[in-house]
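So the structure is just underneath, and the comments pick up after that.
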Amino acid sequence: MTQQTETKAKAGAVIIPVTLFEQNCTLIWCEATKKAVVIDPGGDVDKIQAAIKQSNVTVEKIWLTHGHIDHVGGAAELRDALKVQIEGPHIADKYLLDNVVSSGERFGMTGVRNFGPDRWLDEGEQVSIGELTFDILHCPGHSPGSVAFYNKELRFAHVGDVLFSGSVGRTDLPGGSHATLIESITKKLLPLGDDVGFICGHGPGSSIGHERMTNPFLTGAM
Numbered sequence: 006m007t008q009q010t011e012t013k014a015k016a017g018a019v020i021i022p023v024t025l026f027e028q029n030c031t032l033i034w035c036e037a038t039k040k041a042v043v044i045d046p047g048g049d050v051d052k053i054q055a056a057i058k059q060s061n062v063t064v065e066k067i068w069l070t071h072g073h074i075d076h077v078g079g080a081a082e083l084r085d086a087l088k089v090q091i092e093g094p095h096i097a098d099k100y101l102l103d104n105v106v107s108s109g110e111r112f113g114m115t116g117v118r119n120f121g122p123d124r125w126l127d128e129g130e131q132v133s134i135g136e137l138t139f140d141i142l143h144c145p146g147h148s149p150g151s152v153a154f155y156n157k158e159l160r161f162a163h164v165g166d167v168l169f170s171g172s173v174g175r176t177d178l179p180g181g182s183h184a185t186l187i188e189s190i191t192k193k194l195l196p197l198g199d200d201v202g203f204i205c206g207h208g209p210g211s212s213i214g215h216e217r218m219t220n221p222f223l224t225g226a227m
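Each number in our numbering comes from the position in the sequence shown (counting from 1) with 5 added on.
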C-alpha cells in the first residue's frame, strides 16, 4: 500500500512503507520532467519497483539520509536493477554501509549487501532531480552521517530519522548522541521556517512549526 502526497504542483511524492520497520521509502519526482529519486530504499525492492512503475516516472538517482539497515538494506540491489547512482549519506556513516550484512543478520534481513555510495554528501552541497534542487543539511545525532534534503522553493524537506511527528530520532545506537541530535534540529531544521513541511523516516510527516510548538523533545530545548 502506498500513500501518495503532492508536495506542490511542481513535485509529486509516494511513500512506500518497507520492511518490518515500516520505513518510509520515498519516491519523489519533478512533475515537469517525470524524473525521480528514491530516498532510503530499506528493502522490499520489488514493492519499490512496482510503485515506480505505477507512478510512471523515471528514477535517475537514489538518495540516502543515513546508513541504518532499515534505510539502506535494498540500496545496492535497487542501484543494480535501475542502473543509477547512489548519493549520500555523509561519509561519517561509512562504517554503517561497510557493515550492512552483519547489521542485517541481527534483524533477520537476508540478501543485503555492503556497499558505498557513488557520492558522499556534506553540508552546503546540493543534489537535484529534474528541475528540483535540494540543499544538503548535515544533521548528526541519530547517526554521525545523517543528512536532510531541503527544497527552499517547495518549502519541503525530507529529514530521515532526525525529526518525527511528536518525537525525534533514537540516539541509543552506536554513534548516536541526544545532545548532538537536538543541536542539529535546533540549528539546522527549525531555522528553515514554520511553514516547511517534511517527510520523515517513519510514521506521518509534519511541519517545522507544528513540531516547534508541540514536540515534547523540543519545547524544553529552546
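Glycine included, each C-beta is placed from N, C-alpha and C at the ideal position.
Taking a 10 Å sphere around the C-beta of G129, we find fewer than 16 other C-beta atoms and assign the residue as exposed. The shortest CA-to-CA distance from G116 to any of V164, Y155, V50 and Q28 is the one to V50. Look at D98 here: in three-state DSSP terms it is helix. Counting along the chain, no alpha helix (DSSP H) covers F26, and no H or E run does either. The count of Cβ pairs closer than 8 Å, one atom from the stretch 174–184 and one from the stretch 141–151, reaches three, so the stretches are in contact. In the pairwise beta carbon analysis, the stretch 99–113 is classified as not touching the stretch 157–168: fewer than three pairs are separated by under 8 Å. DSSP, reduced to helix, strand and coil, places K58 within a helical segment of the structure shown.
For I33, DSSP records a beta bridge to A18 and V42. In the three-state reduction of the DSSP assignment, S107 falls in the helix class. By the neighbour-count criterion, in which a residue is buried when 16 or more other Cβ atoms sit within 10 angstroms of its Cβ, D200 is exposed.
Going by C-alpha positions, A37 is about 10 Å away from L137. Around L83, the same chain offers V43, P46, V50, I53 and I67 as residues with beta carbons nearer than 7 Å, after the five sequence neighbours per side are excluded. Look at L197 here: in three-state DSSP terms it is helix. Counting of Cβ neighbours within 10 angstroms places N61 among the exposed residues, the total staying below 16. If you look at V77, you'll find it in the alpha helix (DSSP H) that goes I74 to V77.
CA-to-CA, the gap between E92 and R124 works out to about 5 Å.
Shown here, T224 sits in a helix according to DSSP, grouped into three states. Nearest to Q28 by alpha-carbon distance, out of I204, I187 and I213, is I204. Rounded to whole angstroms, the Cβ separation of I134 and C30 is 15 Å, and the two are not in contact under 8 Å.
The beta carbons of G78 and V105 sit closer together than 8 Å.
Taking the Cα of A18 as reference, the smallest distance to any Cα among D85, I96, D103 and L159 is reached at L159. In chain order, L69, T70, H71, G72, L126, G150, S151 and V152 place their CB closer than 7 Å to the CB of P94, counting only its own chain and leaving out the 5 sequence neighbours on each side. Partner residues in the beta bridge of S211, as assigned by DSSP, are F203.
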